[in-house]
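Peer 1: Quick note, this note's numbering runs 1 ahead of the 1-based positions in the sequence shown.
Positions of the beta carbon are idealized from the N, C-alpha and C atoms, including for glycine.
One structure follows; several queries about it will come next.
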Amino acid sequence: MKKHKICIVGGGLTGLISALVLAKKGLDIDLMVENLSPKNKDLRVTAISEKNMEFLKSTIKNINLKLFYPVKKINLFFEKNNQTKNFLNFNENKNLMFFFENRLTKKHLTKLLKKTNVKIQKKTIKSIDLAENKVSTKLSSKSYDLVVLCLGSNSPIYQKISGKREIKKNYKEHSITCSVKHQIKNIGAQQFFLKEGPLAILPYNNNKFSVVWSIEDKYFMKNQKNISNYLKIKLSNLLKTKKISLGNIQSYPLKLLLKRSYYKKNTIILGDGLHVVHPLAGQGFNLILRDLEKLNNLISNNLRLGLTIKDSNIPKDLSDSRKPENLLMGLGIDTTREFFKSNKYLDPIKENMLNNFSKSKLLKEITKRIANLGLN
Ligand SMILES: Cc1cc2nc3c(=O)[nH]c(=O)nc-3n(C[C@H](O)[C@H](O)[C@H](O)COP(=O)(O)OP(=O)(O)OC[C@H]3O[C@@H](n4cnc5c(N)ncnc54)[C@H](O)[C@@H]3O)c2cc1C
């Protein structure tokens, strides 16, 4: 029987995980990556929900669960008069979120991929012929039944697929991130809405956490040289300890991007190319995993019915089912960011609103549910 030919392009988390998830289906998969061990190492830590962890466990054979650090406790604070006030906390018997180091996880995923039938090719793609589903590199081109582009958020190759149909906003902020060694017991995940911008603490083992602090470009540019010191002082004050040491700092410019067209013919976009959201809620990659779970189900259904992927409605069905949630979540996170920014009209009533929010069992349950399952 003729195998369905799929091309996945991109060696980021989206490309690697997509290839592994689809590898089980007996498809003929080419994975094109620019570089498998990029010099600029990704030092970020990513938080994923319990439901998304389940998805990875059930679809990726031999995934190393030790790379995923479970957390049962999450605390949220806001700053008022230079003091932080806890307004929401989750302390459960079950795991709420899992945290993994991007660098180690990408290495592990690549190792797993080498044991599958996926053909990994070190190639940069130059163009796509949408009518023929043909992917071209400098030296060759090949047609596929389905092409999945996971090229990050900035690729010019998306132009032909989505044009300018998108919601876009430059936050004029940078996220700075680094790893922090500490001696605090059972630290849990924490989010501080500070006057400079949201700061998240993401534990990834018993004595290390990653910090992500999103600050205005103006503040970042002015303090760039001393940013490590500023961050250390900030963390010492927030956590009430001097016993912390910070690793190398990386910074990422922040934007909101919500694409309106997800596909053309049989070429689809997946990952940051479809949506980029503010990292304050740790939802960007979670949305991507939900897109991938849907794509995985659509392909399975197609194969079960003996239909060809080439003539299927998979790209349209994926777009129809995922676009509303991605749009609402992206705009919801944007609204949350606006809410916590200093605002002379809102500030006097903010504390009251947050206190009432934390008292409502129903709102707490809804927040937990959305963080875990999205809007499904
Ligand atoms: C500071 C920060 C913290 C975050 N924290 C979280 C979190 O806690 N939880 C969460 O859910 N999300 C989080 N996110 C979001 C998450 O990190 C991203 O959504 C995710 O990394 C996107 O991965 P990607 O593979 O889609 O894109 P990328 O990582 O950008 O990968 C794109 C890949 O495509 C390749 N490529 C590009 N062009 C070509 C070409 N022409 N040919 C071949 N290959 C090509 C590139 O080399 C690259 O390897 C965070 C984001 C930031 C900035």
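Tell me the start and end of each unbroken alpha helix (DSSP H) in the stretch 214-275 that is at least 4 residues and wholly inside, in chain order.
Peer 2: 218-224, 228-240
Peer 1: The alpha helix (DSSP H) that contains Ile367, what's its start and end?
Peer 2: 362-374
Peer 1: Can you round the beta-carbon distance between Asn92 and Lys74 to whole angstroms, since I take them to be within the 8 Å contact cut?
Peer 2: Indeed, because the Cβ distance is near 5 Å, the residues count as touching under 8 Å.
Peer 1: Should Gly331 be labelled buried (16 or more other beta-carbon atoms within 10 Å of its own) or exposed?
Peer 2: Gly331 comes out buried.
Peer 1: Specify the secondary structure class of Asn297 as computed by DSSP and reduced to three states.
Peer 2: helix
Peer 1: Does the distance from the C-beta atom of Leu105 to that of Leu68 stay below 8 Å?
Peer 2: In this structure, Leu68 lies closer than 8 Å to Leu105 by Cβ.
Peer 1: Is DSSP giving Phe69 helix, strand or coil here?
Peer 2: Three-state DSSP puts Phe69 in coil, outside helix and strand.
Peer 1: Flag this pair as yes or no: are the beta carbons of Lys165 and Ile129 separated by less than 8 Å?
Peer 2: no
Peer 1: Restricting to Cα atoms, I'd like to know which of Leu247, Tyr253, Gly248 is closest to Phe221.
Peer 2: Tyr253
Peer 1: Does the beta-carbon distance from Lys26 to Leu304 come in below 8 Å?
Peer 2: yes
Peer 1: Under a three-way DSSP split, which group does Ile188 fall into?
Peer 2: Three-state DSSP puts Ile188 in coil, outside helix and strand.
Peer 1: Ignoring anything shorter than 4 residues, give me the alpha helix (DSSP H) runs that lie fully in the stretch 148-176, in order along the chain.
Peer 2: 160-163
Peer 1: Confirm, please, whether the CB-CB distance from Gly198 to Glu167 is below 8 Å.
Peer 2: no
Peer 1: Just to confirm, are Leu281 and Ser343 a CB contact at a threshold of 8 Å?
Peer 2: no
Peer 1: Is Asp380 near ligand 1, judged by its Cβ being under 7 Å from some heavy atom?
Peer 2: This structure gives no information on residue 380, because the portion of the chain shown stretches from 2 to 377.
Peer 1: Between which two residues does the alpha helix (DSSP H) harbouring Lys324 extend?
Peer 2: 315-341
Peer 1: Arg291: beta carbon under 7 Å from a heavy atom of ligand 1?
Peer 2: Annotation for Arg291 indicates a beta carbon at 7 Å or more from all heavy atoms of ligand 1.
Peer 1: Report the three-state DSSP secondary structure of Ala132 (helix, strand or coil).
Peer 2: coil
Peer 1: Can you give me the Cβ contacts of Tyr231 inside the same chain, cut-off strictly under 6 Å, excluding the 5 residues immediately before and after it?
Peer 2: Asn224
Peer 1: Could you name the residues that DSSP lists as bridge partners for Lys120?
Peer 2: Asp31
Peer 1: Would you mind giving the Cβ-Cβ distance between Ile271 and Leu150, rounded to the nearest angstrom? I have them listed as a contact below 8 Å.
Peer 2: The sequence given here has Leu at residue 271, not Ile. Indeed they touch by this definition, with Cβ atoms about 7 Å apart.
Peer 1: Could you tell me how far apart the beta carbons of Ser59 and Leu293 are, in whole angstroms, since I believe they sit closer than 8 Å?
Peer 2: Their Cβ separation, rounded to whole angstroms, is 13 Å, which puts Ser59 and Leu293 out of contact at 8 Å.
Peer 1: Can you name the start and end residues of the alpha helix (DSSP H) that Ala394 belongs to?
Peer 2: Lying before the first or after the last residue shown, residue 394 is absent from the chain, which here runs from 2 to 377.
Peer 1: Once the 5 residues before and after Lys135 are set aside, which same chain residues still bring their CB inside 6 Å of it?
Peer 2: Ser142, Ser144
Peer 1: In terms of alpha-carbon separation, which member of Leu247, Ile269, Phe79 lies closest to Asn90?
Peer 2: Phe79
Peer 1: Does the contact criterion of 3 or more C-beta pairs under 8 Å hold for the stretch 202-215 versus the stretch 260-270?
Peer 2: No, the stretch 202-215 does not touch the stretch 260-270.
Peer 1: To the nearest angstrom, report how far apart Thr368 and Pro325 are at their CA atoms.
Peer 2: Between Thr368 and Pro325, the alpha-carbon positions lie close to 18 Å from each other.
Peer 1: Relative to ligand 1, is the shortest distance from any of its heavy atoms to the C-beta of Arg305 smaller than 7 Å?
Peer 2: False, no ligand heavy atom lies under 7 Å from that Cβ.
Peer 1: What are the partner residues of Ile75, as DSSP defines its beta bridges?
Peer 2: Phe91, Ala190
Peer 1: Using 8 Å as the Cβ pair cut-off and three pairs as the minimum, do the stretch 241-248 and the stretch 173-187 touch?
Peer 2: In short, these stretches touch, since the Cβ pair count reaches three.
Peer 1: I'd like to know whether the C-beta atoms of Ile202 and Ala190 end up nearer to each other than 8 Å.
Peer 2: yes
Peer 1: Put Lys4 into one of helix, strand or coil per three-state DSSP.
Peer 2: Coil, per DSSP.
Peer 1: What do you get for Pro157, buried or exposed, if any count of 16 or more other CB atoms within 10 angstroms of its CB means buried?
Peer 2: exposed
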